[in-house]
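Enquirer: Using the working numbering, the first residue of the sequence shown is number 14, and each one after it goes up by one.
Every residue, glycine too, gets a C-beta built ideally from N, C-alpha and C.
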Amino acid sequence: MTNFDTIIANGLVVNATEQRVCDVGIRDGVIAAIGSGLGTAHRVIDATGKIVVPGGIDSHVHISQPSGHGIVMADDFASGTLSAVCGGTTTILPFCLQQKGESLREVLKDYHAKADGNCHADVSFHLIVTDPTPNVLGQELPALVEEGYTSFKVFMTYEGMRLYDDEILATMDCARDTGALMMVHCENEDAIRYLIGKHEDQAKVEPKYHATTRPQVVEREATHRAISLAEVVDVPVVIVHVSNGPAMQEIRAAKARGRAVVGETCPQYLVLTAEDLDMAEWEGAKFVCSPPPRDAESQMACWEGIETGVFDLFSSDHCPFRYDDPHGKLSPDGRKSFRWIPNGIPGVETRLPILFSEGVSKGRIDLQRFVALSSTNHAQLYGLYPRKGVIAVGSDADIVIWDPEKSGAIRQAGLHHGADYTPYEGLHIDGWPILSMLRGAVVMEGGEPTGVNPGGQHLARERSPLVEAARLAHSPP
Ligand code: DUC
Ligand code: ZN
Ligand code: ZN
Numbered sequence: 014m015t016n017f018d019t020i021i022a023n024g025l026v027v028n029a030t031e032q033r034v035c036d037v038g039i040r041d042g043v044i045a046a047i048g049s050g051l052g053t054a055h056r057v058i059d060a061t062g063k064i065v066v067p068g069g070i071d072s073h074v075h076i077s078q079p080s081g082h083g084i085v086m087a088d089d090f091a092s093g094t095l096s097a098v099c100g101g102t103t104t105i106l107p108f109c110l111q112q113k114g115e116s117l118r119e120v121l122k123d124y125h126a127k128a129d130g131n132c133h134a135d136v137s138f139h140l141i142v143t144d145p146t147p148n149v150l151g152q153e154l155p156a157l158v159e160e161g162y163t164s165f166k167v168f169m170t171y172e173g174m175r176l177y178d179d180e181i182l183a184t185m186d187c188a189r190d191t192g193a194l195m196m197v198h199c200e201n202e203d204a205i206r207y208l209i210g211k212h213e214d215q216a217k218v219e220p221k222y223h224a225t226t227r228p229q230v231v232e233r234e235a236t237h238r239a240i241s242l243a244e245v246v247d248v249p250v251v252i253v254h255v256s257n258g259p260a261m262q263e264i265r266a267a268k269a270r271g272r273a274v275v276g277e278t279c280p281q282y283l284v285l286t287a288e289d290l291d292m293a294e295w296e297g298a299k300f301v302c303s304p305p306p307r308d309a310e311s312q313m314a315c316w317e318g319i320e321t322g323v324f325d326l327f328s329s330d331h332c333p334f335r336y337d338d339p340h341g342k343l344s345p346d347g348r349k350s351f352r353w354i355p356n357g358i359p360g361v362e363t364r365l366p367i368l369f370s371e372g373v374s375k376g377r378i379d380l381q382r383f384v385a386l387s388s389t390n391h392a393q394l395y396g397l398y399p400r401k402g403v404i405a406v407g408s409d410a411d412i413v414i415w416d417p418e419k420s421g422a423i424r425q426a427g428l429h430h431g432a433d434y435t436p437y438e439g440l441h442i443d444g445w446p447i448l449s450m451l452r453g454a455v456v457m458e459g460g461e462p463t464g465v466n467p468g469g470q471h472l473a474r475e476r477s478p479l480v481e482a483a484r485l486a487h488s489p490p
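Take a look at the structure:
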């Protein structure tokens with residue numbers, strides 16, 4: 014009789030706080046033993062010279078999200094989650110977007126109908142609140158938080174979706190009362206709208222003007238305001254997709270004042286710049302996302318934020334649209350002006366290779382910080398730990414093996430997402446994931462799907478420990 018279903022033997026097993034060469038024994042989808050001389054298994058995977066880490070968790074992903082008239086996202090839950098596991102990510106946290114007038118409960122049903130039974134990775138929804146009515150804040154959100162949807166995002170930009178400051182405060186108050194975690198997209202909508210009008214008056218409509226109508230200062234101002242509003246109501250807040258130094262400094266200063274503020278940055282702010290939006294033939298549309306990529310100085314500031322702990326999260330903000338498609342970037346309106354180009358870029362599959370190569374292989378971060386940024390911090394912050402985010406006995410056997418010696422460029426032809434391009438085409442990568450395991454099943458090997466799918470599950474989440482700690486700190490004695 015064998016002891017385990019699988020043993021991963023002799024790899025360098027890395028968690029966020031420790032690392033050692035050892036074996037990992039897996040039984041019934043769970044990590045059952047860690048050590049040496051574990052015995053026998055149906056399959057022994059030799060990981061000598063390889064790095065064994067907890068499956069990546071990408072806590073900022075958009076899939077099958079309604080995106081405006083005639084625009085269709087390039088990934089459904091099947092392709093988006095397949096793409097994730099091929100890039101070393103075994104759990105994603107996509108958004109369920111409420112549109113004005115909609116019931117959150119009803120929208121969530123629609124998203125579940127699209128996701129359930131179709132996923133190759135585990136999934137857990139955040140909610141996006143665009144219509145904070147008394148019913149939403151008083152009835153729906155409290156019930157949904159109890160059911161394990163313990164985080165919600167609000168927008169400070171996008172007409173029709175942005176919340177005004179008093180609405181943000183009311184939503185933050187709801188988060189405080191229910192114990193949910195708030196995420197904020199920080200850009201000043203009024204300033205952006207003003208700048209867009211000015212640009213269009215001067216017939217400046219090419220993709221590159223997406224960046225000049227969303228300058229750093231509109232992000233920095235909104236970041237400062239979001240942190241201040243959170244302070245007014247006294248709630249923790251996550252500042253998502255931070256792109257530049259001044260916004261990063263707002264988070265650093267808030268942390269130094271003792272505020273519970275979490276920063277997230279993304280690959281596009283490390284390896285792309287606004288110059289990428291200035292390509293001929295409207296190809297700059299491939300890089301249109303918000304906030305836009307900035308400049309070399311901003312890239313360095315984002316690295317500084319990663320290296321010094323201002324950023325705890327590294328997410329993709331995967332928001333994929335096809336390029337050469339009337340339902341994507343080159344929609345009839347999108348060809349006329351940058352303001353109609355759908356915002357977002359694909360990246361769920363390339364997030365971790367970029368962090369590994371640019372971070373670990375180039376010596377900017379060590380392996381434990383890689384694991385923290387790519388998996389553990391997401392699990393801890395969003396209420397999935399220790400089921401996810403760690404290689405420990407009793408945790409789900411979501412494990413990824415990396416080959417630090419495997420090199421090669423990112424190519425669209427090698428990716429599994431539904432987009433017809435990658436903004437990272439040609440970027441050289443040192444270190445690739447070579448095997449992904451979801452709850453004990455090998456779902457990717459050698460960079461390709463194995464065809465095995467244990468069935469990605471939706472995960473109800475605990476409340477964030479950050480929120481619980483803040484509540485305890487402020488509860489009356
Ligand atoms: N915000 C996101 O978080 N993702 C894509 C587009 C956007 O504006
Ligand atoms: Zn956003
Ligand atoms: Zn996003």
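For S420, which residues of its own chain have a beta-carbon under 6 Å away from its beta-carbon, when the five flanking residues on both sides are left out?
Expert: D443
Enquirer: Run the proximity test for H198: is its beta-carbon closer than 7 Å to any non-hydrogen atom belonging to ligand 1?
Expert: yes
Enquirer: Note down, one range per segment and in chain order, each beta strand (DSSP E) of at least 3 residues found wholly within the stretch 144 to 178.
Expert: 164 to 168
Enquirer: Taking the straight line between their C-alpha atoms, what separation do you get for T363 and D337?
Expert: 21 Å
Enquirer: Look at the alpha carbon of G38 and the alpha carbon of E31, and state the distance between them as a whole number of angstroms.
Expert: 18 Å
Enquirer: In chain order, what residues of the same chain have a beta carbon less than 8 Å from the beta carbon of I47, not counting five sequence neighbours either side?
Expert: V26, C35, D36, V37, G38, I404, A405 and V406
Enquirer: Three or more beta-carbon pairs under 8 Å between the stretch 67 to 81 and the stretch 393 to 401, yes or no?
Expert: yes
Enquirer: Using the beta-carbon count (16 or more within 10 Å), is V85 buried or exposed?
Expert: buried
Enquirer: What's the call for D41, buried or exposed, on a 16-neighbour Cβ count within 10 Å?
Expert: exposed
Enquirer: Could you tell me the boundaries of the beta strand (DSSP E) in which S420 lies?
Expert: I412 to A422
Enquirer: Could you tell me the distance, in whole angstroms, from the CA atom of D88 to the CA atom of A134?
Expert: 14 Å
Enquirer: Helix, strand or coil for Q32? Go by DSSP, reduced to three states.
Expert: strand
Enquirer: Can you tell me whether DSSP reads C109 as helix, strand or coil?
Expert: strand
Enquirer: Between the Cα of T226 and those of G52, G210 and G427, spot the shortest distance and give me the residue it belongs to.
Expert: G210
Enquirer: Mapping the DSSP letters down to three states, classify A46 as helix, strand or coil.
Expert: A46 falls in the strand class under three-state DSSP.
Enquirer: Does the Cβ of R476 have 16 or more other Cβ atoms within 10 Å, making it buried, or fewer, making it exposed?
Expert: buried
Enquirer: Taking the beta carbon of P558 as the centre, do at least 16 other beta carbons fall within 10 Å, making it buried, or is it exposed?
Expert: Because the chain in this structure spans residues 14 to 490, residue 558 falls outside the shown range and cannot be described.
Enquirer: When burial is assigned at 16 or more other CB atoms within 10 Å of the CB, is R335 buried or exposed?
Expert: buried
Enquirer: Are there 16 or more other CB atoms within 10 angstroms of the CB of Q281, so buried, or fewer, so exposed?
Expert: buried
Enquirer: Quick check: is any heavy atom of ligand 1 less than 7 Å from the C-beta of N255?
Expert: Per the sequence presented here, residue 255 reads as Val, with Asn not at that position. With a threshold of 7 Å, the Cβ atom of V255 does not count as near ligand 1, since no heavy atom of the ligand is closer than that.
Enquirer: In the DSSP assignment, find the alpha helix (DSSP H) that holds I354 and state where it starts and stops.
Expert: For I354, there is no enclosing alpha helix (DSSP H), as DSSP gives it neither H nor E.
Enquirer: Please state whether DSSP places P366 in a helix, a strand or coil.
Expert: helix
Enquirer: According to DSSP, is D71 helix, strand or coil?
Expert: strand
Enquirer: Where does M195 land, buried or exposed, given buried means 16+ other C-beta within 10 angstroms?
Expert: buried
Enquirer: Count the C-beta pairs between the stretch 181 to 195 and the stretch 229 to 242 that are closer than 8 Å, then say yes if the count reaches three, no if not.
Expert: By the Cβ test, the stretch 181 to 195 is in contact with the stretch 229 to 242, since at least three Cβ pairs between them sit closer than 8 Å.
Enquirer: I'd like to check one pair, M261 with V323: are the Cβ atoms closer than 8 Å?
Expert: In contact: V323 and M261 (Cβ atoms closer than 8 Å).
Enquirer: What's the gap between the Cα of R424 and the Cα of T435?
Expert: 7 Å
Enquirer: Taking CB distances under 8 Å as the criterion, tell me whether H82 reaches chain E.
Expert: As a matter of chain content, chain E is missing from the structure shown, which is built from one protein chain.
Enquirer: Let's test the definition: count the other Cβ atoms within 10 Å of the Cβ of K299 and tell me whether it reaches 16, buried, or not, exposed.
Expert: That one is buried.
Enquirer: The alpha helix (DSSP H) that contains I209, what's its start and end?
Expert: E202 to D214
Enquirer: Answer yes or no: the CB of C332 versus the heavy atoms of ligand 3, is any distance below 7 Å?
Expert: yes
Enquirer: Determine the DSSP secondary structure at I20, reduced to helix, strand or coil.
Expert: strand
Enquirer: Give me the Cβ distance between A422 and G439, rounded to the nearest whole Å; I'm assuming they're in contact under 8 Å.
Expert: 5 Å
Enquirer: Figure out for me which residue from T94, A45, G83 and E481 has the closest Cα to the Cα of C132.
Expert: Checked all of T94, A45, G83 and E481; the closest Cα to C132 is T94.
Enquirer: Identify the residues that DSSP records as bridge partners of S449: which are they?
Expert: V413 and M457
Enquirer: With DSSP collapsed to three states, give me the class of E219.
Expert: coil
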